[in-house]
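Colleague: Okay, here's the structure, questions in a sec.
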């Protein structure tokens, strides 16, 4: 499997998607009233899609997944460490200029809150194929095997998860796997109910963070 999408629940997908596409220089590939997708190309064989799906009332629980911008992608006049908010109130930061973020691209880090970062970093390594990577100040991080693109940093949660995450990650399976649910459950995932008419499966990681497993790509 591979990490493919960062997904936002959005009241206005076009407004929110337009903001993030412009902020990181992503290419718009889907532009519909209820769904916007922008592709961030990071290497010849590596991309992340930023997906914005219409949700009438997104969760008001504290954000547990946060994409932070690299120093080179900062809005004009914004200093490092400043906490900002996108048009729908989702927080993000501008990172300091740090060697750990070299070759990250416009998104330096995907911060994901965890009840046990050492446990969960192994879980996410298993389902994404990403590798342990030196993070700033000894942070628990993973990175794509190419060594480019954002870090995935597992951060100790300040409080237990309260409700559905407004942002989540999607991974895509490479081929059909009859034992997928059992394998993920063995690694600590919890199957969740999802839309019956969609070709993906919904799970929670060991700390309760939702993620989806997408169907294999068509040839």
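In the numbering used here, the protein residues as written are 982 to 1200.
We put the CB at the ideal spot given by N, CA and C, even for glycine.
For a test of the three-state rule: what should DSSP assign to residue 1080, helix, strand or coil?
Modeller: Within the chain shown, residue 1080 is the residue found at index 99, counting from 1. Correct three-state label for residue 1080: helix.
Colleague: State the DSSP-derived secondary structure class of residue 1048, mapped to helix, strand or coil.
Modeller: For this step, residue 1048 is matched to residue 67 along the chain shown. Three-state result, residue 1048: strand.
Colleague: Can you tell which of 999, 1080 and 1127 has the C-alpha that lies nearest to the C-alpha of residue 983?
Modeller: Working through the chain shown from its first residue, we reach residue 983 at position 2. Residue 983 has its Cα closest to that of 1127, out of 999, 1080 and 1127.
Colleague: Is residue 1025 buried or exposed, if buried means 16 or more other CB atoms sit within 10 Å of its CB?
Modeller: The residue you call residue 1025 lines up with position 44 of the chain shown. Label assigned to residue 1025: exposed.
Colleague: For a minimum of 4 consecutive residues, which ranges assigned as the alpha helix (DSSP H) are wholly contained in the segment 1120 to 1191?
Modeller: Counting only runs of 4 or more, we get 1161 to 1167.
Colleague: Using the Cα positions of residue 1189 and residue 1135, report the straight-line distance between them to the nearest angstrom.
Modeller: Position 208 of the chain shown, counted from the start, is the residue given in the question as residue 1189. Position 154 of the chain shown, counted from the start, is the residue given in the question as residue 1135. About 13 angstroms.
Colleague: Skipping 5 residues on each side, what residues in its chain have a beta carbon closer than 6 angstroms to that of residue 1074?
Modeller: Locating residue 1074 in the chain shown gives position 93, where the first residue counts as 1. So the qualifying residues of the chain are 1049 and 1064.
Colleague: Using only the alpha-carbon positions, how far apart do residue 1133 and residue 1156 sit?
Modeller: Working through the chain shown from its first residue, we reach residue 1133 at position 152. Working through the chain shown from its first residue, we reach residue 1156 at position 175. Residue 1133 and residue 1156: Cα-Cα distance of roughly 24 angstroms.
Colleague: Give the single residue among 1187, 1051 and 1046 whose Cα lies nearest to the Cα of residue 1092.
Modeller: Here residue 1092 corresponds to residue number 111 of the chain shown, with the count starting at 1. Among 1187, 1051 and 1046, the Cα nearest to that of residue 1092 is on 1046.
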